[in-house]
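Remarks on the structure that follows.
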Amino acid sequence: MAQGLELSITDLQSSCNNVQHHTEEISSDHLIVRRGLAFNITLYFRNRDFQPGMDNIVFVAETGPLPDLAKGTRAVFGLSSHHNLSPWMASLENNRATSLEVSLCAPPTAAVGRYLLKVHIDSFQGSVTAYQLGEFILLFNPWCPGDAVYLDSEPQRQEYVMNDYGFIYQGSKNWIRPCPWNYGQFEENIIDICLKLLDKSLNFQIDPAADCALRGCPIYISRVVCAMINSNDDNGVLNGKWSENYSDGTNPAEWTGSVAILKQWHATGCQPVRYGQCWVFAAIMCTVMRCLGIPTRVITNFDSGHDTDGNLIIDEYYDNTGRILENKKKDTVWNFHVWNECWMARKDLPPGYGGWQVLDATPQETSNGLYCCGPASVRAIKEGEVNLSYDTAFAFSMVNADCVSWLVHGGKEQRLHRDTNSVGNFISTKSIHSDERDDVTENYKYEEGSPQEREAFLKALQKLEAGRSQGRYRADSQPFRPIPLSQGHPRSLDTPSLRPSDVIQVSLKFQLLDLPNMGQDIQFVLLALNMSLQFKDLKVNLSAQSLLHDGSPLPPFWQDTAFIQLFPEEAKTHPCQIPYSQYSRYLSTDKLIRITALGEEKSSPKKILVDKIINLVYPAIMINVLGAAIVNQPISIQVIFSNPLSEQVEDCVLTVEGSGLFKKQQRVFIGILKPQHRASITLKTVPFKTGQRQIQANLRSNKFKDIKGYKNVYVDVML
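Numbering (this note's numbering), first residue to last: 33 to 751.
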């Protein structure tokens with residue numbers, strides 16, 4: 033009688049399979065595959081050849097702590113036809129002497145995560161021998177048309193899944209600054225940390241079987257990850273903080289990449305890392321989502337609204353000197369706010385609302401009891417369909433709320449103007465073709481001032497009112513309940529606040545005369561234009577105040593009064609200067625100064641208000657790669673930086689990193705930099721991955737936190 037077939041060893045062909053599945057940058061030693069795409073393994077037998085008519089081979093794939101056939105977390109599938117009830121598939125590729133090559137394929141709807149692969153061999157009269165073949169990780173597959181995250185563009189897949197560096201845009205609409213970031217989704221242990229993040233979620237802790245069964249749905253996964261990036265409800269990755277004191281952690285402005293943050297979270301037993309703000313939350317989420325295989329990009333919205341009561345109106349209050357006041361509602365318009373877009377089908381929504389979805393991990397509001405936001409269809413935001421899941425109304429207010437300015441004087445409030453187009457400007461993301469900025473504002477709303485834009489606004493308002501009347505917006509799920517945390521930076525109004533039809537018929541506008549370099553006096557003028565045919569006699573109160581990280585203004589540190597007389601259709605300028613010696617003592621770590629002008633005509637009670645936010649500019653770090661970059665060959669990198677101030681700075685630390693170039697973040701303690709001093713440091717490293725790479729650098733001191741620089745490097749194969 034023939035012997036039963038005995039398994040000797042198994043070759044999961046990790047290196048070859050990972051190349052086919054676009055996961056070779058994650059690992060070549062461990063099998064990491066994408067759903068909907070076949071992968072090959074080889075079974076080696078110790079005693080004889082496989083005989084198709086005699087031997088029956090059945091595979092078992094299990095994920096999660098409680099694998100279940102009914103829940104889809106356990107699959108049983110074989111080479112023979114009577115085991116084809118499972119959506120998982122196995123087929124014979126090659127039957128050689130004492131070995132068998134088999135092709136396996138997970139369905140494009142399978143739950144992602146870590147799997148255990150087993151095989152049952154039945155050779156005689158129902159006698160079954162079971163073997164464990166090993167573990168593999170299953171990811172989403174944007175290359176597979178059957179996958180809900182399928183993206184039909186190879187350049188976009190390369191950018192939004194495979195690219196491990198990018199830019200996060202900061203500053204203001206008048207000064208957009210690209211901040212380099214190392215996403216590092218393929219760095220060592222990051223895939224394991226991402227899976228640990230899923231297992232640390234409240235959903236998994238409450239019902240691990242149900243949680244694992246739902247991990248095939250990108251909508252579900254995106255909400256779980258979004259909630260886990262912040263630490264408000266759980267042991268999420270990041271603590272948010274908006275203040276001036278970060279002595280017990282890291283100032284959010286100092287971070288240059290996700291890898292150090294994720295590894296610190298994991299190494300400390302999943303204790304939240306201190307600290308993050310909007311761009312850090314979004315960058316970490318981008319890393320996790322790209323690692324899991326969901327196309328993701330980072331979005332910056334300049335002049336971003338935070339409407340706390342759901343009326344799509346942002347109320348702002350000023351005193352008679354032009355100083356902005358905190359209001360009871362906590363409505364705010366931030367200079368910039370950062371979130372993510374993830375690409376996925378939305379079969380839970382009407383046709384046409386799939387594609388890019390907004391996800392915001394910054395802990396602003398609760399959604400179904402947890403601090404997360406989205407996924408909200410970008411198209412639904414544009415069309416005003418704010419009743420569609422998830423949190424679309426809140427996302428709409430961030431890009432298209434109206435602003436109303438009020439003057440508070442003598443216990444009374446006087447409405448100055450309503451601005452319908454100041455919220456949501458220059459919505460930005462990195463281009464897929466280069467390091468340039470792409471403007472995606474038209475994806476979020478119709479052109480300001482167009483009939484379509486106002487129609488979408490009115491539709492959104494009507495749907496919100498209808499939802500409230502039907503009781504659909506509960507306290508724990510509606511996205512307009514005020515909370516202590518806010519994010520971003522207050523906006524600048526750099527347009528005339530009154531139209532020619534208003535009584536005063538005067539336009540005011542600020543204009544910088546020079547780039548506002550840190551350490552130098554700020555030179556600017558107030559432009560006044562009389563648009564009427566009558567003489568105008570104006571009194572203008574000017575003030576400047578710094579802004580804190582939570583958006584709260586500090587008391588004014590500079591004030592001036594201008595008396596301007598304008599003949600019909602005349603224009604005049606009033607020169608202004610704020611010395612460095614004055615603003616340096618009051619500057620917040622975010623380097624933001626708001627200048628305001630509140631004008632009034634002596635013969636009229638009408639007021640005109642204009643304000644502008646000034647972002648103080650630092651010189652960038654220069655990085656030079658000395659020689660050709662060859663994989664596994666030493667290379668020298670020169671980093672040049674300077675102290676831009678006319679005073680000594682202390683506690684200087686240079687941080688340098690780059691995926692594929694440095695095994696870990698490099699920190700160089702420099703100490704003291706003399707006034708206006710320029711310094712150079714040379715680092716050595718050995719690139720360990722080929723292709724396009726990026727070096728990111730940050731210089732911090734006791735006077736500044738985020739002088740940044742970057743350098744793109746192409747690492748070639750050894751000649």
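Glycine included, every Cβ here is placed at the ideal spot set by N, Cα and C.
Query	Result
Where residue 347 and residue 200 are concerned, what is the direct C-alpha to C-alpha distance, given to the nearest angstrom?	28 Å
Excluding the 5 residues flanking residue 334 on each side, which residues of the same chain have their C-beta closer than 6 Å to its C-beta?	205, 368, 457, 458
Determine the DSSP secondary structure at residue 331, reduced to helix, strand or coil.	strand
Closest to residue 98 by C-alpha separation, out of 148, 110, 378, would be which residue?	148
Among all the DSSP beta bridges, which residues are the ones paired with residue 632?	571, 639
How many angstroms separate the CA atom of residue 63 from the CA atom of residue 291?	22 Å
When the Cα of residue 269 is compared with those of 295, 255, 250, which residue comes out closest?	295
Starting from residue 368, trace the beta strand (DSSP E) both ways and give me its first and last residue.	364-376
Suppose contacts are defined by Cβ-Cβ distances below 8 Å. Is residue 477 in contact with residue 488 by that definition?	yes
Taking DSSP as the reference, what is the three-state secondary structure of residue 490?	helix
Ignore the nearest five residues each way along the sequence and tell me which others in residue 462's own chain have a CB closer than 6 Å to its CB.	198, 199
Can you find the residues in the same chain that come closer than 8 Å, C-beta to C-beta, to residue 101, ignoring five residues on each side of it along the sequence?	107, 108
Considering only the beta carbon of each residue, do residue 754 and residue 732 sit closer than 8 Å?	Because the chain spans 33 through 751 in this model, residue 754 falls outside it and cannot be assessed.
Hey, which unbroken runs of the beta strand (DSSP E) at 3 residues or more fall wholly within the region 605-690?	624-633, 639-647, 654-658, 667-674, 681-689
Looking only at its chain, what residues have a beta carbon closer than 6 Å to the beta carbon of residue 43, apart from the 5 residues adjacent to it on each side?	74
By the three-class DSSP mapping on this structure, what secondary structure does residue 746 have?	strand
Among 623, 564, 466, 342, whose alpha-carbon lies nearest the alpha-carbon of residue 494?	342
Can you tell me whether residue 718 is helix, strand or coil according to DSSP?	coil
Which class does residue 756 belong to by DSSP, given the choice of helix, strand or coil?	The question about residue 756 has no answer, for the chain in this structure spans 33 to 751.
Using a Cβ-Cβ cutoff of less than 7 Å, which residues in the same chain neighbour residue 128 once the five nearest sequence positions on both sides are dropped?	none
Three-state secondary structure (DSSP) at residue 68?	coil
Based on Cα-Cα distance, which residue from 273, 543, 538, 196 lies nearest to residue 689?	196
Ignore the nearest five residues each way along the sequence and tell me which others in residue 649's own chain have a CB closer than 7 Å to its CB.	547, 548, 549, 550
How far does the beta strand (DSSP E) with residue 240 in it reach, from first residue to last?	Unbroken run through residue 240 is the alpha helix (DSSP H), 240-245; no beta strand (DSSP E).
Hey, residue 213 and residue 728: beta-carbon distance below 8 Å or not?	yes
Using DSSP with H/G/I as helix, E/B as strand and the rest coil, what is residue 54?	coil
List in chain order: all unbroken beta strand (DSSP E) runs of 3+ residues lying wholly within the region 415-476.	434-441, 444-451, 457-462, 469-471
Compare the beta carbon distance of residue 455 and residue 425 with 8 Å and say whether it is the shorter of the two.	no
Compare the C-alpha of residue 610 against each of 632, 599, 557, 567 and name the closest.	557
Measuring only the C-alpha atoms, how far is residue 309 from residue 414?	26 Å
By how many angstroms is the C-alpha of residue 627 removed from the C-alpha of residue 577?	7 Å
Could you tell me the boundaries of the alpha helix (DSSP H) in which residue 502 lies?	Run containing residue 502: none; DSSP gives neither H nor E here.
Assess, as a yes-or-no matter, whether the region 217-224 is touched by the region 733-746 under the definition of 3 or more beta carbon pairs within less than 8 Å.	no
Does DSSP put residue 101 in a helix, in a strand, or in coil?	coil
Could you tell me the alpha carbon to alpha carbon distance between residue 702 and residue 684, rounded to whole angstroms?	5 Å
Counting Cβ pairs closer than 8 Å, one from the region 247-267 and one from the region 138-152, do we hit at least three?	yes
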